[in-house]
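Accompanying notes for the structure given below.
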Amino acid sequence: MKLLARFSGLALLLALLGLYGYLAYFQIEADEQGVVLRLGRYARSVGPGPHFYLPPFELLERRRVIVERAEFGFRTIKTGPPQEYEERPLEKRMITGDQNIVDTEFVVQYRITDLRDYLFNARDVEQFTRDVAQAAIREVVSQRSIDAVLREERRQIALETRDRIQELVDAYGLGLSIQQVALQEVQPPLEVQDAFRDVAGAEQDKQRLILEAEGYADQIVPQARGEAEALLNEARAYRETRILEAQGETARFNDLLLEYKKAPAVTRERLYIETLEAILPGMEKIIVQDGGTERVLPYLPLGRRGETP
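Using the working numbering, you'd call the opening residue of the sequence shown number 64 and step up by one each time.
Put into structure tokens, the structure is as follows:
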């Protein structure tokens, strides 16, 4: 009987140890992180794989570390189809750097990188992250004009907001990695949307006219440059011609002066004859020989019929 009692006690002990081992065993999946608390205080962090802990002295906290999504300015009520959303006007209304109001809906995607920091450095990390995200995007938007927010710098705003949120969560040690910030609808308030559409249309007309002007400039400027170059070439050629003619006239005059110094009378007579040869062929003239006036009436330049003398 004593042997049976001892055997039964040993079996019971082994059963209790097996049950305790079963209760102490846990498995952390690939998309999870775990933290073991001993008497309410942090003891160790555990990654994916099989582990053991010591209940009730130790307590296990585990979280999935998949990418989480936080929506701002709206909430998804039904994924659909069709999708249904609920607007949150106070979350999306912001003021730009040029004192305009803009409604900005955006989404922040993040994941847990350190479960210990996530659990112990803030009481409500999700709400804290929402507050940090709203503060960050309002800061970024307040540094830009309404045109930059609506059209020109949407991608840059998203990137700067992501970096700013990451800086803040790192400063507070929240154990999060900000994966992405995506701007959804960004538009002026409903009351002034028509006016902004008119402004956007005017801006498009402005850009169209600028492109047309640049195209006309690309066409007319080379033509004007070609004409200017042609005029310059003509002017250079004319200058060279006049210089050469002047040099020739100067050389001829110097030669003539040299001959004149040698024989002034002969040179004057030759110049006189050459001048007459140059002038007389183009004139209407009558030649009267010596003594011819004794037999005919002297010639009077009365002019032709119908002409005034």
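Note that CB positions come from ideal geometry on N, CA and C, so glycine has one too.
Residue j beta carbon less than 7 Å from that of residue i
{"i": "residue 245", "j": "residue 195", "result": "no"}
{"i": "residue 99", "j": "residue 121", "result": "yes"}
{"i": "residue 231", "j": "residue 188", "result": "no"}
{"i": "residue 131", "j": "residue 181", "result": "no"}
{"i": "residue 127", "j": "residue 94", "result": "yes"}
{"i": "residue 138", "j": "residue 149", "result": "yes"}
{"i": "residue 193", "j": "residue 234", "result": "no"}
{"i": "residue 373", "j": "residue 129", "result": "The question about residue 373 has no answer, for the chain in this structure spans 64 to 372."}
{"i": "residue 198", "j": "residue 191", "result": "no"}
{"i": "residue 118", "j": "residue 86", "result": "yes"}
{"i": "residue 330", "j": "residue 322", "result": "yes"}
{"i": "residue 179", "j": "residue 108", "result": "yes"}
Exposure label - residue i; buried when at least 16 CB within 10 Å
{"i": "residue 80", "result": "exposed"}
{"i": "residue 346", "result": "exposed"}
{"i": "residue 96", "result": "buried"}
{"i": "residue 76", "result": "exposed"}
{"i": "residue 154", "result": "buried"}
{"i": "residue 88", "result": "exposed"}
{"i": "residue 338", "result": "exposed"}
{"i": "residue 73", "result": "exposed"}
{"i": "residue 372", "result": "Unreliable placement is indicated for residue 372, whose pLDDT of 47 sits below 50; the coordinate value is still reported in the next sentence. Label assigned to residue 372: exposed."}
{"i": "residue 78", "result": "exposed"}
{"i": "residue 175", "result": "buried"}
{"i": "residue 115", "result": "exposed"}
{"i": "residue 135", "result": "buried"}
Residue range of the unbroken alpha helix (DSSP H) whose run includes residue i
{"i": "residue 204", "result": "188 to 204"}
{"i": "residue 261", "result": "256 to 325"}
{"i": "residue 217", "result": "217 to 234"}
{"i": "residue 153", "result": "152 to 155"}
{"i": "residue 178", "result": "178 to 183"}
Enclosing beta strand (DSSP E) for residue i [first to last residue]
{"i": "residue 173", "result": "164 to 175"}
{"i": "residue 16", "result": "Look at the range of the chain in this structure, 64 to 372, and you will see that residue 16 is not part of it."}
{"i": "residue 102", "result": "Looking at the DSSP string, residue 102 is not in any beta strand (DSSP E), and its letter there is neither H nor E."}
{"i": "residue 240", "result": "239 to 250"}
{"i": "residue 138", "result": "137 to 141"}
{"i": "residue 343", "result": "Here residue 343 belongs to no beta strand (DSSP E), and DSSP marks it neither H nor E."}
{"i": "residue 90", "result": "88 to 91"}
{"i": "residue 125", "result": "121 to 127"}
Checklist entry - For the stretch 155 to 172 against the stretch 248 to 265, are there 3 or more C-beta pairs whose distance is under 8 Å? => result Contact holds: three or more Cβ-Cβ distances are below 8 Å.
Checklist entry - Would you call the stretch 201 to 210 and the stretch 223 to 230 touching, i.e. three or more CB-CB distances under 8 Å? => result Touching, yes, given that three or more Cβ pairs across the two stretches are closer than 8 Å.
Next on the checklist: Can you confirm whether the stretch 248 to 267 touches the stretch 205 to 216 when touching is taken to mean that 3 or more C-beta pairs between the two stretches lie within less than 8 Å?
Outcome noted: Under the Cβ criterion (8 Å, minimum of three pairs), the stretch 205 to 216 counts as touching the stretch 248 to 267.
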